[in-house]
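Asks: This is the structure I have questions about; it appears just below.
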Amino acid sequence: MLIRIHRNIVFIHDTYIFASNLLGRVYREIPFLVMPHISKKKRRLPAIETLSWITKYGLGAAREKFYEEMEVIESVREELRRKLEEIEPRNIFEYIIRGLPRNTLQTLAKLGYIWLIPFKNISSISIEEYKGAKIIRIDYLCPLTNTRRIFKTIYDQEVYDLIKKLYLYNKE
Amino acid sequence: MTSMRGFVEPLIDGRFNTYDLEVFLEVLNKTLIQYRSYPRGIVSEIQKLYGSEEFNKRLLEILFTDTGNVNTILLRYKRVALSLSLLRKALAVIGLINNSMSISCDQLIPVLVKPHKMITLYNVLALSYIHRFCHDKLYFTIIRAVKEKTPLYEANPTYLNVILFRDLYIYASILYKHELANILYGSITSDIDKYFTDRVFDPTERSIIVDSYNRVLASTLQLLRISGRSLYEWSSVKDRIGGEGYKTKYVARAVEWYIEAVNKLIATIYRTVLNTAVSLTGAINEDIANTILKGVEYNISDESIAIKTAYSTLKLLLETSLYMENAGYIEEYDKEYAPHLTSYVEKLKKILVEAIKSIGDTYRRILSVEGEPIDTLRKRLSSRTDLGEISWTLEK
């Protein structure tokens with residue numbers, strides 16, 4: 001049961017926290033698709049490449065459509081940004097990414113696009129300073145990759161209290 | 173190898189007897205001696221056989237009717253039988269009938285969740301076999317593992333092992349009320365009751381099983397509802413912005429690519445989650461669905477179980493109610509399975525509402541606790557008008 005959404009990408013459920021920023025990153029990378037020719041374009045578009053890999057769509061299509069015949073002017077990017085704003089990126093898509101098959105999620109977790117934190121696996125929750133800003137830091141055992149990992153997100157008093165409460169609730 | 177193609181043909185339509193099974197095992201044995209493992213052609217043939225409902229039903233039938241002969245044959249070709257998950261389970265079923273231990277539990281546990289269509293029929297009996305001959309293993313390797321993994325399966329239910337949650341649930345229900353076995357196995361054998369052990373789960377073990385199943389099912393229904401709904405909403409985005417107003421073709425292409433890619437992503441998720449939900453509920457198989465629904469009824473009406481699983485039951489109730497509101501969106505993209513699932517969920521919701529009404533005090537006590545996540549659950553439940561009595565009793 002979803003209890004709270006933090007920063008549009010951190011979904012706090014009653015027994016686990018799920019965070020994903022795959023589509024957010026794809027969204028940010030899209031303007032680069034129509035940039036004037038740059039070398040090593042593939043390295044500039046890691047999230048888009050990942051999305052095409054998951055859906056088996058677009059890797060070919062993206063190459064075909066954008067990697068060739070690139071003689072585009074600057075104004076295109078602004079127009080694209082306006083168009084993308086019309087689509088309104090919805091955080092609901094980030095939310096359902098956890099429905100992908102288990103091995104795909106494992107890959108995504110390794111690449112740093114998703115975080116899955118069951119409250120049972122948390123070893124510590126703390127507040128830290130990072131570059132002058134307060135952050136919440138969670139140390140946990142990732143059940144997908146079976147490694148100890150750290151999750152950091154911007155500090156919010158209510159969210160911090162909620163996570164602590166749910167941590168205690170799940171411990172019983 | 174080409175000459176061996178089609179050696180499963182006599183078995184696949186379910187009209188075979190013990191002799192045919194022996195010939196089949198003989199062929200496999202020879203292959204195993206010759207190649208040490210099964211060649212790819214043979215493996216695909218075996219998989220075809222595993223997918224056949226008739227074969228699985230008939231095999232279980234001859235296990236019960238011709239036990240002695242099948243036992244001799246399977247033991248003669250034990251090497252082959254141990255290499256195929258279905259036959260390993262068949263050995264367990266025979267052990268259950270003979271009341272003898274013909275296969276060690278360690279060999280049986282890893283194959284419990286190996287996929288095929290009629291897996292539940294074998295899994296429940298295999299669980300009973302483990303329960304009878306190595307009681308401790310059932311708790312330590314299966315029930316406790318299920319309990320510990322539940323949050324992971326709640327977050328990401330699209331994994332094949334989810335079938336074990338359902339089979340454990342059915343098994344726990346059957347142990348509680350033996351007559352449930354007749355719904356599941358009625359067409360195969362009439363006196364199935366005596367093959368289930370007399371040992372029953374204590375309330376703690378049973379509540380772990382019921383709780384895990386409820387939570388995983390609720391989370392699957394939730395994912396299905398949201399993916400179905402967003403698939404519907406996203407399909408209209410293309411019409412809203414597509415086509416006109418582009419200064420350059422590059423923008424049009426980029427936007428088109430984005431829309432199409434996200435659409436594919438949601439469609440993938442929708443498809444996998446729907447498959448999980450169907451296999452978890454057994455919606456397309458009437459016997460399994462009826463067994464689970466009856467089991468739900470029994471488990472909730474048992475007060476000691478109801479107290480321990482009240483939270484997850486209420487969560488499931490909330491999810492079934494939300495599912496019914498969005499059933500139209502979910503059915504839009506799948507005409508084959510989704511209608512079965514909807515009718516199943518409707519029945520489930522009715523059973524839950526009735527049962528919770530009858531022992532409402534237990535649930536009211538749980539919901540009177542302050543603090544998360546109970547607060548959110550209470551708020552969500554009381555905003556639903558379709559839950560009948562529950563919605564207004566909670567508000568005061």
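Chains as they are written, first to last, in our numbering: chain A, 1 to 172; chain B, 173 to 568.
By construction, the Cβ of each residue, glycine as well, lies at the ideal position given by its N, Cα and C atoms.
1) Quick one: what does DSSP say ARG537 (chain B) is sitting in, helix, strand or coil?
2) If I measure Cβ to Cβ from LEU204 (chain B) and keep anything under 8 Å in the same chain, skipping five residues before and after, which residues do I get?
3) Quick check on TYR67 (chain A) - is its C-beta less than 9 Å from some C-beta in chain B?
4) List, in order along the chain, the chain B residues whose C-beta lies closer than 8 Å to that of SER193 (chain A)?
5) Taking C-beta pairs closer than 9 Å, name the residues in chain B that THR147 (chain A) reaches, listed in chain order.
6) Check the Cβ-Cβ distances between TYR552 (chain B) and every residue of chain A, and say whether any is below 9 Å.
7) Nearest by alpha-carbon distance to ILE523 (chain B): which of B:LEU539, B:VAL468, B:ILE477 is it?
8) Could you check the C-alpha separation between LYS321 (chain B) and LYS110 (chain A) for me, to the nearest Å?
9) Under 9 Å between C-beta atoms, does VAL283 (chain B) make it to chain A?
10) Taking 9 Å as the threshold (C-beta atoms), are TYR509 (chain B) and ALA455 (chain B) in contact?
11) With 16 as the cutoff for other CB atoms within 10 Å, does PRO329 (chain B) come out buried or exposed?
12) Is the separation between the beta-carbon of LYS120 (chain A) and that of THR55 (chain A) shorter than 9 Å?
13) Give the residues from the region 85 to 119 of chain A that approach chain B closer than 8 Å (Cβ to any Cβ), ordered along the chain.
14) Answer with yes or no whether the minimum CB distance from GLU544 (chain B) to chain A is below 9 Å.
15) Relative to the C-alpha of TYR269 (chain B), which residue among B:ASP383, B:ILE364, B:LEU486 is closest?
16) Can you say whether LYS487 (chain B) is buried or exposed, counting buried as having 16 or more other CB atoms within 10 angstroms of its CB?
17) Should the region 439 to 455 of chain B be called in touch with the region 330 to 346 of chain B, which here means at least 3 C-beta pairs below 8 Å?
18) Between VAL517 (chain B) and chain A, is the shortest Cβ-Cβ distance under 9 Å, so that the two count as touching?
19) Quick test of your reading: PRO323 (chain B) and ILE477 (chain B), contact by CB under 8 Å. State the CB separation rounded to the nearest angstrom.
20) Using only the alpha-carbon positions, how far apart do VAL382 (chain B) and TYR311 (chain B) sit?
21) Spell out the partners DSSP gives LEU2 (chain A) in its beta bridges.
22) Please report how far the alpha carbon of THR369 (chain B) lies from the alpha carbon of ARG304 (chain B), in whole angstroms.
23) The beta strand (DSSP E) with ASP558 (chain B) in it runs from where to where?
24) Give a yes or no on whether 9 Å exceeds the smallest Cβ distance from VAL10 (chain A) to chain B.
25) Is the separation between the beta-carbon of SER123 (chain A) and that of ARG148 (chain A) shorter than 9 Å?
26) Is the CB-CB distance between ASN471 (chain B) and SER276 (chain B) below 9 Å?
27) Hey, out of B:ALA353, B:ILE355, B:PHE179, B:SER257, whose CA is closest to ASN228 (chain B)'s CA?
28) For chain B, is any of its Cβ atoms less than 9 Å away from the one on VAL72 (chain A)?
29) Would you mind sorting TRP53 (chain A) into buried or exposed? The rule is 16 or more other CB atoms within 10 Å of its CB.
30) Would you say TYR483 (chain B) and LEU437 (chain B) are within 9 Å of each other, going by their C-beta atoms?
Replies: Concretely, from the data shown:
1) Looking at ARG537 (chain B) - three-state DSSP - the assignment turns out to be helix.
2) Shown here for LEU204 (chain B): same chain residues with a beta carbon closer than 8 Å to its own, the five before and five after excluded, namely TYR210, ARG251, VAL252, SER255 in chain order.
3) Residue placement at TYR67 (chain A) cannot be trusted, given a pLDDT of 49 that sits under 50; what the coordinates show is reported in the next sentence. Nearest CB-CB separation between TYR67 (chain A) and chain B: not below the 9 Å threshold.
4) Residue 193 (chain A) lies beyond the stretch modelled for chain A, which goes from 1 to 172, so this question has no answer here.
5) Simply none; closest approach about 15 Å.
6) One detail in the question is off: residue 552 (chain B) reads as Arg in this sequence, not Tyr. Cβ-Cβ to chain A under 9 Å: yes for ARG552 (chain B).
7) For the residues B:LEU539, B:VAL468, B:ILE477, the minimum Cα distance to ILE523 (chain B) belongs to B:VAL468.
8) The C-alpha of LYS110 (chain A) is placed about 20 Å away from the C-alpha of LYS321 (chain B).
9) For VAL283 (chain B), no Cβ of chain A is located within less than 9 Å of the residue's own Cβ.
10) Yes, these two residues count as a Cβ contact at 9 Å.
11) By the C-beta density criterion, PRO329 (chain B) is buried, having at least 16 other C-beta atoms within 10 angstroms.
12) The answer is no: Cβ separation not under 9 Å.
13) Of all residues in the region 85 to 119 of chain A, GLU86, ILE87, ARG90, ILE92, PHE93, TYR95, ILE96, ILE97, ARG98, GLY99, LEU100, PRO101, ARG102, LEU105, LEU116, PRO118, PHE119 have a Cβ within less than 8 Å of some Cβ in chain B.
14) Yes, because at least one Cβ of chain A sits closer than 9 Å to the Cβ of GLU544 (chain B).
15) At residue 269 (chain B) the sequence reads Ile, which differs from the Tyr that was named. Comparing Cα positions, the closest option is B:ILE364.
16) Label assigned to LYS487 (chain B): buried.
17) By the criterion of at least three beta-carbon pairs nearer than 8 Å, the region 439 to 455 of chain B is in contact with the region 330 to 346 of chain B.
18) For VAL517 (chain B), the answer is no, since every Cβ of chain A falls outside 9 Å of its Cβ.
19) Contact between PRO323 (chain B) and ILE477 (chain B) is absent: CB atoms are separated by about 21 Å, not below the 8 Å threshold.
20) Approximately 14 Å between the Cα atoms of the pair.
21) LEU2 (chain A) pairs with A:HIS13.
22) Distance from the CA atom of THR369 (chain B) to the CA atom of ARG304 (chain B), rounded to whole angstroms, is 6 Å.
23) Here ASP558 (chain B) belongs to no beta strand (DSSP E), and DSSP marks it neither H nor E.
24) Nearest CB-CB separation between VAL10 (chain A) and chain B: not below the 9 Å threshold.
25) Cβ atoms of SER123 (chain A) and ARG148 (chain A): closer than 9 Å.
26) Annotated as distal: ASN471 (chain B) and SER276 (chain B), with beta-carbon spacing of 9 Å or more.
27) Minimum Cα distance to ASN228 (chain B) is reached at B:SER257.
28) In this predicted model, VAL72 (chain A) has a pLDDT of only 48, less than 50, meaning its place in the structure is not dependable; the value taken from the coordinates is given anyway. At least one chain B Cβ lies under 9 Å of VAL72 (chain A).
29) TRP53 (chain A) counts as exposed, since fewer than 16 other C-beta atoms from the protein chains shown sit within 10 angstroms of its C-beta.
30) It is not a contact, given that the beta carbons lie outside the stated cut-off.
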